[in-house]
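Asks: What follows is a single structure, and I will ask about it in a moment.
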DNA sequence: TCCTTATGTCGTAAACTTGCGACATACTAT
DNA sequence: ATAGTATGTCGCAAGTTTACGACATAAGGA
């Protein structure tokens with residue numbers, strides 16, 4: 069891309085500015101985004117409870133059309149949180165438990181970092 | 069709202085269908101959404117490291133304008149993840165560590181549920 | 001072969017998100 | 001009072017997300 073292109077995209081930058089944030093911050097945000105819709109949370113829980121299911125089954129248990137569910141599945145698949153393999157006439161979607169375990173650790177580290185810091189109190193300078 | 073309104077909103081429903089999802093799923097998705105942007109992750113980490121800061125300071129440390137940072141702060145504030153109180157000419161934003169602790173537990177419960185289920189393997193019906 | 005069934009893709013509409021400049025407000029100090 | 005500084009609000013532009021119908025494709029059976 070050209071120099072002018074860079075200037076233009078900078079001027080009309082409306083997407084998330086990923087540059088200048090750490091890889092960890094971007095990674096956490098990316099996974100959080102995947103979980104940022106109740107349907108996707110429900111899909112993961114459904115897969116966890118059934119251990120194996122197919123797209124049609126999932127749509128039947130959610131208040132969404134098959135197309136929309138498929139879209140959510142693709143989003144989870146893009147992050148490799150779930151996997152799907154064609155098996156004849158049906159598809160087997162399953163959780164990537166290994167990756168989910170890693171993500172869990174990442175979130176835990178973040179929350180511990182956030183909760184171990186002392187909250188503002190009367191003793192602080194701000195006093196709030 | 070009227071009956072017609074319901075029909076119309078249903079016809080042109082483009083927002084997240086929150087109905088028919090459990091409260092837990094919606095709650096988790098809501099918090100995940102708050103963390104779904106690197107800037108907001110960075111803000112929480114910054115507040116955790118400083119224990120007390122003000123809006124202007126935060127903007128200075130991020131590659132975003134003051135207005136945009138303020139917007140992200142409002143989003144975190146809407147969920148009560150952070151709190152801000154006016155103190156003369158400055159504002160003290162601080163983490164709601166109590167709530168963050170609760171959220172951490174919620175995420176942990178979700179991830180444990182998702183990772184303890186056996187992943188698909190050769191022994192399964194799907195065989196993937 | 002042709003029909004059924006199941007999954008994948010495309011296009012579209014409406015709402016939401018992100019980013020920022022410009023303006024408004026409020027407190028402090030001179 | 002008035003200037004200066006710091007935070008809050010508004011409105012716009014462009015991109016992304018969500019939802020779904022309609023169509024495409026592929027496997028399996030009558």
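Residue numbers (this note's numbering), protein chains in the order written: chain D, 69 to 196; chain V, 69 to 196.
Even glycine gets a Cβ: it sits at the ideal position worked out from N, Cα and C.
#1: Report yes or no: do the stretch 148-168 of chain V and the stretch 87-98 of chain V share at least 3 C-beta pairs separated by less than 8 Å?
#2: Take the Cβ of residue 177 of chain V as the centre, count every other Cβ of all protein chains shown within 10 Å, and call the residue buried at 16 or more, exposed below.
#3: Which of the residues in the stretch 105-121 of chain V, read from start to end, lie with their CB under 8 Å from any CB of chain D?
#4: Going by Cα to Cα distance, which pick from D:117, D:123 and D:113 is closest to residue 159 of chain D?
#5: What does residue 140 of chain V touch in chain D if you count any residue whose Cβ is under 8 Å from its own?
#6: Mind listing the chain D neighbours of residue 143 of chain V? Cutoff is C-beta to C-beta under 9 Å, in chain order.
#7: State yes or no: is the C-beta of residue 144 of chain D within less than 7 Å of the C-beta of residue 137 of chain D?
#8: Whole angstroms are fine: how far does the CA of residue 182 of chain D sit from the CA of residue 112 of chain V?
#9: Would you kindly report the start and end of the unbroken beta strand (DSSP E) that includes residue 153 of chain V?
#10: Going straight from the alpha carbon of residue 185 of chain V to that of residue 166 of chain D, what length do you get?
#11: Just how far apart, CA to CA, sit residue 153 of chain D and residue 161 of chain D?
#12: Would you list, in chain order, the members of the stretch 167-182 of chain D that have their beta-carbon closer than 8 Å to a beta-carbon of chain V?
#13: In the structure shown, what three-state DSSP assignment does residue 96 of chain D receive?
Replies: By the coordinates alone:
#1: no
#2: exposed
#3: 105, 106, 107, 108, 109, 110, 112, 113, 115, 116, 117, 119 and 120
#4: D:123
#5: By Cβ distance, chain D contributes nothing, its closest Cβ being about 11 Å from residue 140 of chain V, past 8 Å.
#6: Per Cβ cutoff of 9 Å: no residues; residue 143 of chain V is ~12 Å from chain D at best.
#7: no
#8: 7 Å
#9: 150-155
#10: 11 Å
#11: 7 Å
#12: 168, 169, 171, 172, 175, 176, 178, 179, 180, 181 and 182
#13: helix
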